[in-house]
Every structure is written in structure tokens, then in C-alpha cells.
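Residue numbers (the working numbering): 86 to 556.
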């Protein structure tokens, strides 16, 4: 099996299968952890509500371009294909290379989030074997082993018939949604959850409300990465491409609701020793106690130990749906690049199930190795995943603008232009530190960005040279 054409993709994904992949990619560990660590401290309750709605609205604008391009190019590869067809191989490679970093970085980060949830639910039960510290985070062999088992198992699932993975993804998403809804329903009748706890509406510091809201809007590409997975699967869906936009839009709206509702849940329950959720946020630390994950603490106070385990199951399903979704998305992206001779043909090999097996194995190995760095160090790559997402959004919007203008589709051209502007603004905000926004990447993230770019340039010209030599 040496050629990419030995087998072909199988069209077996239903609308619901595609939706759960998209939604599962959006809602990961951040939906449960970020309310306390990022959202409330960044913009408060009302600021987060406004910011996430703005972020969702921006994604809905960008989805017009995706919907238009998915109808025009019904092949796997998504943003990479759109950029290459519209602007040539160099732009296609640039788009795919940074989008690949975005997708690939989320797999080990979600897998390592298991250790955080397991520490919360089971204490030190998984902290055995060798132990070392990276960037202030304690890495234990037992937790690394747990993440590795999850990565191996879901790589196996992703390599099987696409329907098998879809059934598992569907089940986990249903459990995730049901578990969170149970906690939210219980909060309505619990004396522990109080509307009066929602004050203050914004985080009490010297920043303006506008700056606070903008500080959360900046992370929108990271929060909603995953809605764009479906165009990667255009050769495996068993429905018309006209439904792609509806699937993306509904997954974005549902994801926005989840982020906002979990943030409200986190703020609704405050320990008596604190005067407000703001004081509670200021007191959060990096210890493993479940009270430092505000959503988990709220669930515990509302429903007791059963609430803690219910939201724990939801969190675990959230990270595992992310692992499976981005295995699927990254492997299709790598396959498409290999098919266009921008990566070695090894990445393009499909197994008998019509799945890019080698690309999945590559993702698994990279994810296991990077998991050795621990969650804090992996955060450096997640910092720049927003940039990779924004680059993919920008290229798709610009390609859509080009083709829709040529076809005199002024409505699509206008919205695509707006999507491109949004993508550029987000990219600038991510790369240029602005006082008050706390938007600057970590120093290590900038270094990784430069290294990743250099590797991409070298790999691209190596493949071009190989092709020229073969010719």
C-alpha cells in the first residue's frame, strides 16, 4: 500500500455525525476551566456574555465563506484547498501549515486535561511512577500514561470505519450535553446558586468595559476552533454541501451557549468567605483542589458529590470529543497536503477503511511525545492555535471573496470581505501586545511560532526540490 489512491474515502457521515464532530471540537476543557481562569477575570459576567456573543457573531460571518467554498470545492482539505485553488501552492501551504499547528496542538492539550480532571475527582490516585516539573507543572508517569492510553485508543477509533468514530462521538456529546443540563437544572432549585451572586457585572479593575470585552473577543478563534472541521470531511459526508453552513452555525451557537452558561454557573456559587465572584477569582491558585475549578465547585455545592462526578464526566467527555474531532480534522488536512504533493506521500495513504491511517499515527506519536511536557508547557502551543485558526479563517474568507466577486455574488463577497477583516484584526491583536488586553503571547509561544514557520519553509522547498528532481 504505497499510493494514496489504493483506497478511497467512504461517504458515511450524517448531518448529526458532522454536528457532533464540530460541537465536540468547540467544547473542550476550556469550557469548564476558562470561566474562572479567563472569562470572569478578563471581563466579568456581563462582559463575557457580550464578548462571547460578539465572537460567535464573527464566526457566523466567517461561516458564510466556508459555506460558499464548500459548495464550490467538494473535496477534503477545507481551508487548505480553498487557499491553494484561489492563490496558489505557496499560500495553500502557508494556510495549511499554521492551521495544522492549530489543530494538532489541541489534541495533546485535551488529553493532558484528563490529568487535571482526574486530580480533581480521584486525588493522587494517578500520580505514580517517575515525576518531574516543567514550567511549574508536576508531570507524573501515571498521568502521562493515562493521557497516552486515551491518545492511543482514540487514534485506533479514528483509524476504523468512520461510522464507528461517529457513534462514539455522538454518544459522548449526548452525555456531555445531558450532564451539563442536569447541573444547570439543579442550580435553579438550589439555595447555593443565587442570582445576587452575579454582581458585579464586570471585573472590578481600572480597565474600561470595552477593553475588558475586547480581551475576551481576542480568544474567540480559540474558543470556537472546531466549527470549521466539517469542510475537512467533504468527501466523507452523506449529505449535500448546502447543509455545511447550517451545521457550522448551529454548532457555534450551541458552543456559545455552553461557554456562557458555564460561566454563569461558575459565578452563581460563592464560598461564604468571599464577598463576590471577583474576590473568589482573585483567590484561585494552581492547586489540585476541585474548588479551584469554579464550575466543578459550583456543581459540588449544588448537588453534592454526585454533582462533582456528573460535571466531571461532562468535562472528560468534552476533552475526549476534542481529541477525536481533531484527530479526524488534522489527518484529513495532512492527507490533502500529501495529495497535492506538499507533504511526503506517506501522509496521504488511506487504509481499507478509507481513513488516512499514517497521518493519524503521526498525530498520535507527536501528541504522546509533547504530552511529556505537561499542561503548562503545552499551553505555549495553544497560545498560538488561535493564530492558526485566524489564518485559516482569513484565507477562506479571501478565497470566497475572490470567487464570489467573479460570479457577481455581491452578498457573499461583502460578508467574505468582513470575514477577512475580522481575521486580520484578530491576528494583529494576537501578535501585537496592547496594554490592558493581556493579549500578548508568551515568550515561548513566539519562539515556537518562529521555529514552526522555519520548519514549514524548509519542508515546503524540500518537497518542491524533490518534485523538480523527479521530473
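Glycine included, each C-beta is placed from N, C-alpha and C at the ideal position.
These numbers were taken from a predicted model, which means no experiment stands behind them.
Beta-ladder partner(s) of residue i, from DSSP
i           : result
residue 406 : Looking at the DSSP assignment, residue 406 forms no beta bridge with any residue, so it has no partner.
residue 223 : 218
residue 322 : 98
Residue i versus residue j - alpha carbon distance
i           : j           : result
residue 473 : residue 485 : 18 angstroms
residue 480 : residue 168 : 6 angstroms
residue 263 : residue 297 : 32 angstroms
residue 321 : residue 304 : 30 angstroms
residue 433 : residue 317 : 14 angstroms
residue 445 : residue 513 : 32 angstroms
residue 385 : residue 365 : 16 angstroms
residue 185 : residue 307 : 14 angstroms
residue 284 : residue 353 : 10 angstroms
residue 547 : residue 340 : 40 angstroms
residue 241 : residue 532 : 33 angstroms
residue 133 : residue 421 : 37 angstroms
residue 236 : residue 244 : 12 angstroms
residue 549 : residue 539 : 16 angstroms
residue 515 : residue 180 : 17 angstroms
residue 541 : residue 165 : 14 angstroms
Beta-carbon proximity check, residue i vs residue j, cutoff 8 angstroms
i           : j           : result
residue 419 : residue 254 : no
residue 121 : residue 286 : no
residue 95  : residue 252 : no
residue 476 : residue 183 : yes
residue 117 : residue 266 : no
residue 107 : residue 311 : yes
residue 225 : residue 207 : no
residue 288 : residue 127 : yes
residue 529 : residue 465 : yes
residue 111 : residue 411 : no
residue 155 : residue 329 : yes
residue 439 : residue 159 : no
residue 380 : residue 396 : yes
residue 404 : residue 544 : no
residue 336 : residue 537 : no
residue 482 : residue 334 : no
residue 489 : residue 448 : no
residue 355 : residue 436 : no
residue 211 : residue 228 : yes
First and last residue of the uninterrupted alpha helix (DSSP H) at residue i
i           : result
residue 134 : 125-157
residue 519 : First-last for residue 519: undefined, no H or E at that position.
residue 193 : 174-207
residue 117 : 115-119
residue 306 : 305-309
For the region 412-462, which segments carrying the beta strand (DSSP E) assignment without a break, of at least 3 residues, lie completely within its bounds, in sequence order?
none
Curious, which full-length alpha helix (DSSP H) runs of at least 4 residues does the region 229-297 contain?
247-274
Which runs of the alpha helix (DSSP H) fall wholly inside the region 342-403 and span at least 4 residues, in chain order?
362-367, 379-388
Which runs of the beta strand (DSSP E), 3 residues or longer, sit entirely within the region 462-503?
none
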